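Student: Sharing a structure, written as structure tokens. Questions coming.
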Amino acid sequence: MTQGKTEPDTYASVWDALADTPEQAANLQARAELMQQIATVVGSSGWTQEEAARRCGVTQPRINDLLRGRVSRFSLDALVNIATALGRRVHIELQAA
Numbered sequence: 000m001t002q003g004k005t006e007p008d009t010y011a012s013v014w015d016a017l018a019d020t021p022e023q024a025a026n027l028q029a030r031a032e033l034m035q036q037i038a039t040v041v042g043s044s045g046w047t048q049e050e051a052a053r054r055c056g057v058t059q060p061r062i063n064d065l066l067r068g069r070v071s072r073f074s075l076d077a078l079v080n081i082a083t084a085l086g087r088r089v090h091i092e093l094q095a096a
């Protein structure tokens, strides 16, 4: 008896592989990109995590989660608030799919 080969799933992006819907994938990608930009600002500042947390209005463990890229622990709202606390303006752009 021969068993049929199943082809592995292929995805347009890692976000598509992680999410159940295209909407969830887009949200994950937006959060990850914003987190990366915030992490770059914090990393280049020379601040300790405690200092970064104080400046961002969050706790040190929250900054640690951000710096470790724990996307699932942050909403877009929370990330916009953190970026604003750092004196940054967030710009969101719509593009054709």
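Position 5 of the sequence shown, counted from 1, bears residue number 4 in numbering that gives the first Met the number 0, the numbering being contiguous throughout. Note that CB positions come from ideal geometry on N, CA and C, so glycine has one too. Bear in mind the structure is a predicted one, so any value in this text is a computation, not a measurement.
#1: Check Asp64 in the structure and name its three-state DSSP category.
#2: Going by DSSP in three states, Ile91 sits in which element: helix, strand or coil?
#3: Do you know offhand how far Gln35's Cα is from Gly68's?
#4: Is the Cβ-Cβ distance between Val41 and Ala31 less than 8 Å?
#5: Classify Asp54 as helix, strand or coil using the three-state DSSP reduction.
#6: Give the DSSP-derived three-state secondary structure of Glu6 in the structure shown.
#7: Would you decide whether Arg88 is buried or exposed? Buried here means 16 or more other CB atoms lie within 10 Å of its CB.
Tutor: Concretely, from the data shown:
#1: Helix.
#2: Ile91: coil per DSSP, three-state reduction.
#3: Spanning the two alpha carbons is a distance of roughly 8 Å.
#4: no
#5: It should be pointed out that residue 54 corresponds to Arg in this sequence rather than to Asp. Helix, per DSSP.
#6: coil
#7: Flag for Arg88 reads exposed.
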